[in-house]
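Anchor point for the sequence shown: position 177 equals 220 in the numbering used here, and the numbering is continuous, going up by one each time. For glycine and all other residues, C-beta sits at the position ideal for the given N, C-alpha and C. Note that the coordinates shown come from a computational prediction; the quantities given were computed from them, not determined experimentally. Everything on this sheet refers to the single structure shown next.
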Amino acid sequence: MPNFSTGSPPQGGAEAARRAALAPGGGWGRGALDDSRETPLGTMAGKRAAFEPEFVATVEETGKLARAERYELQAVLRGLLFENRRIRGCLLYRRDTASSVDIRRSSLSGLGYYSGLQTCGRGALCPCCGSKIAEHNRREIQAALDVWRGKGGVAGLLTFTMPHYRSQRLSDNLSAILAAYRELDRNRPYRRLCKAVGLQHTIRALEVTWGRLNGFHPHLHILGFFSDRFVADDFAGELAQLWLANLERQGVAMKDRDAVLARGVRVDVGVKVGAQYLSKVGRSWGLAEEVAKANRKRGRVDNYSPVDLLRHVRDSTLPEAGAVFREYAAAADGRHFLRWSAHMRRDLGLLPEKSDEEVAAGVDQLDPFLARLDAPTWRAVRFGGQRARVRLLELAEQDEDSALAYVAHLVGRYAESAGVGGAS
Ligand SMILES: [Zn+2]
Numbered sequence: 044m045p046n047f048s049t050g051s052p053p054q055g056g057a058e059a060a061r062r063a064a065l066a067p068g069g070g071w072g073r074g075a076l077d078d079s080r081e082t083p084l085g086t087m088a089g090k091r092a093a094f095e096p097e098f099v100a101t102v103e104e105t106g107k108l109a110r111a112e113r114y115e116l117q118a119v120l121r122g123l124l125f126e127n128r129r130i131r132g133c134l135l136y137r138r139d140t141a142s143s144v145d146i147r148r149s150s151l152s153g154l155g156y157y158s159g160l161q162t163c164g165r166g167a168l169c170p171c172c173g174s175k176i177a178e179h180n181r182r183e184i185q186a187a188l189d190v191w192r193g194k195g196g197v198a199g200l201l202t203f204t205m206p207h208y209r210s211q212r213l214s215d216n217l218s219a220i221l222a223a224y225r226e227l228d229r230n231r232p233y234r235r236l237c238k239a240v241g242l243q244h245t246i247r248a249l250e251v252t253w254g255r256l257n258g259f260h261p262h263l264h265i266l267g268f269f270s271d272r273f274v275a276d277d278f279a280g281e282l283a284q285l286w287l288a289n290l291e292r293q294g295v296a297m298k299d300r301d302a303v304l305a306r307g308v309r310v311d312v313g314v315k316v317g318a319q320y321l322s323k324v325g326r327s328w329g330l331a332e333e334v335a336k337a338n339r340k341r342g343r344v345d346n347y348s349p350v351d352l353l354r355h356v357r358d359s360t361l362p363e364a365g366a367v368f369r370e371y372a373a374a375a376d377g378r379h380f381l382r383w384s385a386h387m388r389r390d391l392g393l394l395p396e397k398s399d400e401e402v403a404a405g406v407d408q409l410d411p412f413l414a415r416l417d418a419p420t421w422r423a424v425r426f427g428g429q430r431a432r433v434r435l436l437e438l439a440e441q442d443e444d445s446a447l448a449y450v451a452h453l454v455g456r457y458a459e460s461a462g463v464g465g466a467s
């Protein structure tokens, strides 16, 4: 059994990013889709996705490594945003004084998790809640895509970007891009265009990355549900005209209007190959992942996702990462990162939407129960730090005796330290 409790996951991505941190690039960095820009549809099979794990491991090992890292990064987040009570208490303190802390095994991932603890539900900030929320969203979006494809529809990804410069504040740019899209969505010409190309429903996902050269790069991924009548013609070109007009109406600084027309909107509509739709997004990273997990993937050269920033704070590899993350947190908190268009869920037969807080706090009562920790025991486990909490989950997944022995060890260590503290 490999030891997952020590060390960090391989840092190839961070190292590569660090080396290239100051490489020249434009203010239009598009993140993960950039390098497939010129790739013909359906030829991605041999191409390695930019955010593929950089180590060889079984699915189970990858899951455990990812969880260990989430806990590590959550500890980093807690340090950065200590003033935020909900983030400070997330997965650390009991939900209320009456609740015990349970360890259950997720029937979806096979991994153990704690229930009965507070959760912050800040999907855009917290690595732990964010992972759960993103996976929930991915499954819902996948279900919607399946229903849609069953009806013979086509899915596609529209990406809206805006010019951005290092001197700009993220909160201003976020407000501008969201308002520009909201207004676009209400525009009559846009509505007419949607009708003409058979665009019937959309899921709007907000993604924010940051680069040293051009600062924050907010952009929108719109997962479009098109009827099978979809005809591209000059859809992207017309869309770009409308987008430019809406950005200008929001007062977005525009040094190069032609660049906005050329690169402000990107359209990737799935192409049916046999029974499957292929997109430029690649084989293993489908449309649902692209939209639901946008803020979680590993960024590329001088293009860091929020999770990347936390990694850099942890590794002390990017001096400004902490301050940049704090600005991101202040601007992003309270915004809707994912929005389904009106009536869409009902039309596709999906259940009413859950809030991020509900998803983060949710426990599947069918998940097998592995252990129960009373309040004093949990205090001792908590005292062991995030590595002890992760280690206990790993042991509980493995066998009960090892988990019990580890808990006894943690309780002993806690009692010892309390004794020392009491004597001094
Ligand atoms: Zn959280």
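Asked, Found
"By the three-class DSSP mapping on this structure, what secondary structure does residue 162 have?", "coil"
"In this structure, how does DSSP classify residue 261 when only helix, strand and coil are distinguished?", "strand"
"Can we count residue 377 as close to ligand 1, meaning its CB is less than 8 Å from some heavy atom?", "no"
"Kindly give me the distance between the Cβ atoms of residue 241 and residue 269, rounded to whole angstroms, as I take these residues to be in contact under 8 Å.", "5 Å"
"Would you report the Cα separation of residue 186 and residue 310, rounded to the nearest angstrom?", "22 Å"
"Is the beta carbon of residue 116 closer than 9 Å to that of residue 468?", "The structure shown does not extend to residue 468, since the chain is modelled only from 44 to 467, so the question has no answer here."
"Helix, strand or coil for residue 484, going by three-state DSSP, please let me know.", "Nothing about residue 484 can be read from this structure; the chain reaches only from 44 to 467."
"For residue 258, is the beta carbon positioned less than 8 Å from some heavy atom of ligand 1?", "no"
"Could you name each continuous beta strand (DSSP E) segment of 3 residues or more that falls completely within the stretch 362-414, going from the start of the chain to the end?", "381-383"
"Check this for me: beta carbons of residue 169 and residue 431, under 9 Å apart or not?", "no"
"With the cut-off set at 9 Å, would you say residue 332 and residue 181 are in Cβ contact?", "yes"
"Taking all protein chains shown into account, do 16 or more other C-beta atoms lie within 10 angstroms of the C-beta of residue 147, making it buried, or fewer, making it exposed?", "buried"
"If you draw a straight line from the alpha carbon of residue 119 to that of residue 239, how long is it in whole angstroms?", "48 Å"
"In terms of alpha-carbon separation, which member of 197, 422 and 156 lies closest to residue 434?", "156"
"Go ahead and label residue 224 buried or exposed: buried means 16 or more other beta carbons lie within 10 angstroms of its beta carbon, across all protein chains shown.", "buried"
"Please find out if some non-hydrogen atom of ligand 1 comes closer than 8 Å to the beta-carbon of residue 403.", "yes"
"Could you tell me the distance, in whole angstroms, from the CA atom of residue 121 to the CA atom of residue 277?", "48 Å"
"With a threshold of 8 Å (Cβ to nearest heavy atom), would residue 164 be considered close to ligand 1?", "yes"
"When you compare only the Cα positions, how much space is there between residue 235 and residue 387?", "18 Å"
"State the beta-bridge partners of residue 130 as determined by DSSP.", "For residue 130, which the question treats as bridged, DSSP gives no partner whatsoever."
"Using a Cβ-based criterion (distance less than 8 Å to any ligand heavy atom), does residue 441 qualify as near ligand 1?", "no"
"Taking only runs that begin and end inside the stretch 183-227, name each unbroken beta strand (DSSP E) of 3 or more residues, in chain order.", "197-204"
"Alpha carbon to alpha carbon, what distance is there between residue 203 and residue 286?", "8 Å"
"Return the residue from the list 226, 179 and 254 that minimises the CA-CA distance to residue 211.", "254"
"Taking 9 Å as the cut-off, decide whether the C-beta atoms of residue 350 and residue 173 are in contact.", "yes"
"Could you tell me the distance, in whole angstroms, from the CA atom of residue 461 to the CA atom of residue 144?", "22 Å"
"Kindly examine ligand 1 and report whether one of its heavy atoms sits closer than 8 Å to the Cβ of residue 123.", "no"
"Looking only at DSSP bridge pairs, what is residue 244 linked to?", "268"
"Just reading off the beta strand (DSSP E) that residue 145 is part of, what are its end residues?", "144-148"
"Is residue 88 helix, strand or coil by DSSP?", "With a pLDDT of 30 at residue 88, under the threshold of 50, the modelled position of this residue cannot be trusted, and the question is left open."
"Below 8 Å, can you find three or more Cβ-Cβ pairs linking the stretch 289-308 to the stretch 245-254?", "no"
"Is the beta carbon of residue 374 closer than 9 Å to that of residue 213?", "yes"
"Residue 222: which of 289, 197 and 368 sits nearest, CA to CA?", "289"
"Between which residues of its own chain and residue 261 is the CB-CB distance below 6 Å, once the five residues before and five after are set aside?", "216, 217, 220 and 251"
"Distance, Cα to Cα, residue 454 vs residue 345?", "45 Å"
"Quick one: what does DSSP say residue 136 is sitting in, helix, strand or coil?", "coil"
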